[in-house]
Amino acid sequence: MVMQKLYTDPLNKATLWLEHWTNVIATSKYNPFYYHGALPQFYLWVLFLSGLLLFAYYIPTIDNAYASERLINAWTSVDYITKTIPFGAVFRGLHRYAGDAMVLTIILHVLRVWFTDRYRQYRWVQWVSGVVLLLAVLFIGQTGYYLVWDERSLLLTRMTVSAFESLPVIGQPLKDWFINGKEITNLTLSNYLFIHIGLSFMLLFGLWVHYVRMARPVLTPPPVINYILVAITLAVVAMFPIQSGTMAQLTQTPTSFEIDWFFLWPYWMMTKMSMGFFWALMIGAVVLFTAVPWFVRTKPVETAEVVLTKCTGCSLCDKDCPYEAIDMVPAPAGSRFKLLATVKSYRCSGCGLCVGACAFDAIDLPNLLDSDVSNQIKAAAQS
Amino acid sequence: MVETKKKTVITLICERAVDLDREMDEKGILKDAPDVTVIKFPCSGMIQPLMIEAALKAGAEGVIVCGCQIGDCYYREGNKMIRERLLGERPPGLKKTVDRRRVVALWLSRLQTKRFISEAKEFVGHLQTLNSITEAK
């Protein structure tokens, strides 16, 4: 029933149509829709590598602690990277635009799994961990904007501080954690750098949770797609070079800034509404978004069942299960075989791949038994 | 001499692959190609090579295996699995005694109904020529 409903859903129809024509143009092997999860993962590697170079030269301070003649701080170090280091501007641009591209490809990924009904039931862990990952990516991206320490960084910092301060109970400690003390100092920027890089590595842990229920997750698109993605990003870098604004001065109060719509839209929202309403809207949206897999009520998956008397413990089903839902356990005493397949029903999708992998008819879907299939085949062959 | 019965071509197909609902009757026989009977699976990955052997042994003229476009399995890897099994790259494979000329695999998205019908007709034609050659021998 759900399937009938799905295939009349206009969003699903549009997705199918789009994918079909991409197949016609690019062939299924190079269809980016079939690597929708690997695209943001690829951009993550681009960000790690370009970020490594920026990290080598970045100095997380707001003023000169060493009383040298020239001012050395975050802003001047970013300026040095951009203007003096060979290809520094390219790496900086790559880091900025790969971040935007990562958000864009994550949105593509979310929409595709949503519109093609690949987010519910046995996939809820992927959805919920995905929401957490998306929030982390947005926050990491925002900290990147604080790091350059131009006027925009200062304004964003002050807006974040007032946003945190408006929260009851946790507001004050959150603010103190965020700027690493009671007011903006050199320690603020070192904290930003730690959040930016530390949280990026936490993404890897989040991705582990995201992938743990999938056998052989698709982590890399084919090289050709990677080259094209990098080429597009580099073209954008060349067309719209990144420049810092004026250096931040704590004595001044900047009031407006250019907005990056991929990361900085929450700050745009803050200017349009009261802080209380802003937080209510954000938290409400996140809760609703996390709960999406439970909006559609369907009957539970009819999970695969092992025929105990037939299983030889060959573990082919265990190897082929795309959801890591089969475990090989020691066979009960008295068995002729060493191992026995067991199904973790909370992971099983009821797809029947294990049936296809079994040469002994030892695993069955309760709603379509091997014997039913054989009878159908015989009836069809002899009619 | 046994009287030659009218033989069928069996299609083992993923229910999410090419849309044949409007093309077949309640018995699963295609309107445009009455030699072809369709049997649906939740995923093409559920198709066992044994089923293909069973179909041919039971007297089917040929077998069409049909899954979604490679890369687009709702259950992630089903069509890749059955493709590898048919190519002998993943156990359990198709027995060597199975006549490869009578098995065809198609990977078609839900919108490629016309393509499926024309491929099925072509396969039926191919099987007829195959029969006339074997009979001539």
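The listed protein sequences derive, respectively, from chains R and C. Per this note's numbering, the first sequence starts with residue 1, numbered consecutively. Per this note's numbering, the second sequence starts with residue 1, numbered consecutively. For glycine and all other residues, C-beta sits at the position ideal for the given N, C-alpha and C. Note that the structure is a prediction, hence the values are computed from the model and not measured.
Starting from the C-beta of residue i, find all residues in its chain whose C-beta is less than 7 Å away, skip the five residues before and the five after it, and write them out in chain order.
| i | result |
| --- | --- |
| L288 of chain R | none |
| A38 of chain R | V218, L219, T220 and P221 |
| P42 of chain C | E15 |
| D54 of chain R | Inspection of the sequence shows that residue 54 of chain R is occupied by Leu rather than by Asp. Excluding positions up to five away in sequence, the list reads I81, F91, R92 and H95. |
| E119 of chain C | L106 |
| F42 of chain R | T220, P221, N226 and L229 |
| I106 of chain R | P40, L134 and V137 |
| L167 of chain R | L174 and W279 |
| E23 of chain C | L30, K31, D32, T113 and I117 |
Check the C-beta distance from residue i over to residue j and give it rounded, since I have them as a contact under 8 Å.
| i | j | result |
| --- | --- | --- |
| V63 of chain C | L30 of chain C | Not a contact, Cβ separation roughly 14 Å. |
| H95 of chain R | S50 of chain R | 4 Å |
| T342 of chain R | V306 of chain R | 6 Å |
| H210 of chain R | Q126 of chain R | 6 Å |
| N186 of chain R | T61 of chain R | 4 Å |
| V98 of chain C | I52 of chain C | 7 Å |
| D320 of chain R | A357 of chain R | 4 Å |
| A333 of chain R | L339 of chain R | Going by Cβ atoms, the distance from A333 of chain R to L339 of chain R rounds to 13 Å, so no, they are not a contact pair. |
| V65 of chain C | L86 of chain C | 7 Å |
| S349 of chain R | Y323 of chain R | 6 Å |
| C351 of chain R | G78 of chain C | 6 Å |
| G141 of chain R | G171 of chain R | Not really, about 23 Å apart at Cβ, beyond 8 Å. |
Secondary structure at residue i, three-state DSSP: helix, strand or coil?
| i | result |
| --- | --- |
| G81 of chain C | Note that residue 81 of chain C corresponds to Met in the displayed sequence, not to Gly. Helix, per DSSP. |
| A341 of chain R | strand |
| K13 of chain R | helix |
| E119 of chain C | helix |
| D260 of chain R | coil |
| A60 of chain C | coil |
| V2 of chain C | Residue placement at V2 of chain C is flagged as unreliable, the pLDDT there being 46, under the threshold of 50; the coordinate-derived value follows with that caveat. DSSP places V2 of chain C in coil when its eight states are reduced to three. |
| D150 of chain R | strand |
| T309 of chain R | coil |
| I59 of chain R | coil |
| G51 of chain R | helix |
| I133 of chain C | helix |
| C354 of chain R | helix |
| P34 of chain C | coil |
| C317 of chain R | helix |
| T157 of chain R | helix |
Is it right to say residue i is buried, meaning 16 or more other beta carbons lie within 10 angstroms of its own, or is it exposed?
| i | result |
| --- | --- |
| R216 of chain R | exposed |
| M270 of chain R | buried |
| R115 of chain C | exposed |
| S77 of chain R | buried |
| Y227 of chain R | exposed |
| I283 of chain R | exposed |
| N23 of chain R | buried |
| W75 of chain R | buried |
| G71 of chain C | buried |
| E3 of chain C | Confidence in E3 of chain C is poor, its pLDDT being 44 and thus under 50, which makes the residue's placement unreliable; the coordinate value appears in the next sentence. Per the 10 Å Cβ criterion, exposed. |
| R336 of chain R | exposed |
| G276 of chain R | exposed |
| D318 of chain R | buried |
| M1 of chain C | Legend: pLDDT at M1 of chain C = 41, less than 50; position of this residue unreliable, no value from coordinates given. |
| K80 of chain C | buried |
| R76 of chain C | buried |
| G28 of chain C | buried |
Taking 8 Å as the limit between beta carbons, can you name the residues of its chain near residue i, skipping five residues before and five after?
| i | result |
| --- | --- |
| V131 of chain R | V286, F289 and T290 |
| K182 of chain R | D176 |
| M202 of chain R | A136 |
| D384 of chain R | The displayed coordinates of chain R run from 1 to 383. Any statement about residue 384 of chain R would go beyond what the structure contains. |
| P92 of chain C | Q48, P49, L50 and R85 |
| Q121 of chain R | P293, T298, P300, V301 and S349 |
Let me check understanding here. Comparing Cα to Cα, which of the options lies closest to residue i?
| i | options | result |
| --- | --- | --- |
| V103 of chain C | C:D72, C:P42, C:I82 and C:S132 | C:I82 |
| W17 of chain R | C:L86, C:Q69, C:T129 and C:Q128 | C:Q69 |
| K5 of chain R | R:A304, R:T298 and R:L339 | R:T298 |
| Q403 of chain R | R:I25, R:R158 and R:L203 | The displayed coordinates of chain R run from 1 to 383. Any statement about residue 403 of chain R would go beyond what the structure contains. |
| D147 of chain C | C:R110, C:G125, C:K121 and C:L127 | Given a span of 1 to 137 for chain C in the structure shown, any question on residue 147 of chain C remains unanswerable. |
| I21 of chain C | C:I117, C:G71 and C:A55 | Just to set this straight, residue 21 of chain C is Asp in the shown sequence, not Ile. The shortest C-alpha separation from D21 of chain C is found at C:I117. |
| D79 of chain R | R:L111, R:N31, R:V148 and R:F48 | R:V148 |
| F48 of chain R | R:G198, R:R336 and R:D9 | R:G198 |
| P241 of chain R | R:L71, R:K83 and R:R152 | R:K83 |
| Q112 of chain C | C:L50, C:K27 and C:G67 | C:G67 |
| A261 of chain R | R:Y97, R:Y7, R:V169 and R:D9 | The sequence given here places Trp at residue 261 of chain R; Ala does not occur at that position. Of the candidates R:Y97, R:Y7, R:V169 and R:D9, the one whose C-alpha sits nearest the C-alpha of W261 of chain R is R:Y97. |
| T303 of chain R | R:S274, R:F257 and R:C354 | R:C354 |
| E258 of chain R | R:L250, R:R152 and R:A56 | R:R152 |
Which residues in the same chain have their Cβ closer than 6 Å to the Cβ of residue i, if we skip the five residues on either side of it in sequence?
| i | result |
| --- | --- |
| W265 of chain R | none |
| A362 of chain R | V307, K310 and C311 |
| I10 of chain C | T37, A55, A60 and V63 |
| T143 of chain R | Y192, I195 and H196 |
How about residue i: is its Cβ closer than 7 Å to a heavy atom in the ligand PLP?
| i | result |
| --- | --- |
| R112 of chain R | The ligand content of the structure shown is nil, which means the ligand PLP is not present either. |
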